[in-house]
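The block underneath contains the structure these notes are about, expressed in structure tokens.
Residue numbers (the UniProt record's numbering): 1 to 75.
Right, dumping it as structure tokens:
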């Protein structure tokens, strides 16, 4: 299992920017990020965009009623 530090940002369509959710910040050990996200949102993972970076971090932008971006950084 890989240990990640996870942050969540919520899209503000009026300003056109993502804002950090100060109430959400956690560390998680997982081999299946999609399953972890599904558990957090309480259902199947919706359409999403996935970006993987050279440092091993992974970003998911979920197409929920308001876009949400989860960033998983390897600890």
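Positions of the beta carbon are idealized from the N, C-alpha and C atoms, including for glycine.
Here the structure is a predicted model, which means the values were calculated and not measured.
Please return the same chain residues whose Cβ sits closer than 6 Å to the Cβ of residue i, not counting the five positions on each side in sequence.
| i | result |
| --- | --- |
| residue 51 | 59 |
| residue 24 | 8 |
Do residue j and residue i have their beta-carbon atoms positioned less than 9 Å apart in this structure?
| i | j | result |
| --- | --- | --- |
| residue 21 | residue 9 | yes |
| residue 1 | residue 29 | yes |
| residue 56 | residue 73 | yes |
| residue 75 | residue 69 | no |
Comparing alpha-carbon positions, which option in the options lies nearest residue i?
| i | options | result |
| --- | --- | --- |
| residue 16 | 48, 67, 46 | 67 |
| residue 65 | 72, 41, 31 | 41 |
| residue 3 | 18, 26, 19, 11 | 26 |
Which two residues bound the contiguous alpha helix (DSSP H) that contains residue i?
| i | result |
| --- | --- |
| residue 33 | 33-41 |
Provide the residue(s) that pair with residue i in DSSP beta bridges, ordered along the chain.
| i | result |
| --- | --- |
| residue 53 | In DSSP, residue 53 forms no bridge with anything. |
| residue 17 | 12 |
Quick one: residues in its chain with C-beta nearer than 7 Å to the C-beta of residue i, no 5 flanking neighbours on either side, listed in chain order?
| i | result |
| --- | --- |
| residue 63 | 46, 47, 48 |
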